[in-house]
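For the sequence shown, our numbering gives the first residue as 10, with consecutive numbering after it. Every residue gets a Cβ at the ideal spot worked out from N, C-alpha and C, and that includes glycine. Read through the structure below, which is laid out as structure tokens, and then see the notes.
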Amino acid sequence: MKKIDILNYITDFRKAPNARKSFAEISQHLQVTEVNRLEALLTELKQLGTVREMDVEGTRYFQVVTK
């Protein structure tokens, strides 16, 4: 699992530039077995300013904010 895999799944800048995916959707799509690893990668992407985390009705969503 790489950061680019996460970014590519969350958004397609041509078709859905403002798409957002929940943590559960991301982990299911990438078939994550190590949740801590995914958490670390998402945290790193947030710190770099590439991904934004939102909390909508108790569900964590992630959105790509830069290309």
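Contacting residues, own chain, Cβ-Cβ under 6 Å from residue i (five flanking each side not counted)
i: T75; result: T59
i: F32; result: R69
Host alpha helix (DSSP H) of residue i (start-end)
i: K12; result: 12 to 19
i: Q37; result: 32 to 38
i: V44; result: 44 to 56
7 Å Cβ shell around residue i - same chain, five flanking residues per side excluded
i: V73; result: L16, I19, T20, T59, V60
Residue i burial status per 10 Å Cβ neighbour count (16 or more: buried)
i: L57; result: exposed
i: K24; result: exposed
i: I35; result: buried
i: K11; result: exposed
Run of the beta strand (DSSP E) containing residue i, from where it starts to where it stops
i: V73; result: 68 to 73
i: R23; result: R23 -> no beta strand (DSSP E), and no H or E assigned at all.
Neighbourhood of residue i by C-beta distance below 8 Å, restricted to the same chain and skipping five residues each side
i: P26; result: T20
Nearest-angstrom Cα separation, counted from residue j out to residue i
i: L47; j: L39; result: 9 Å
i: R29; j: T52; result: 16 Å
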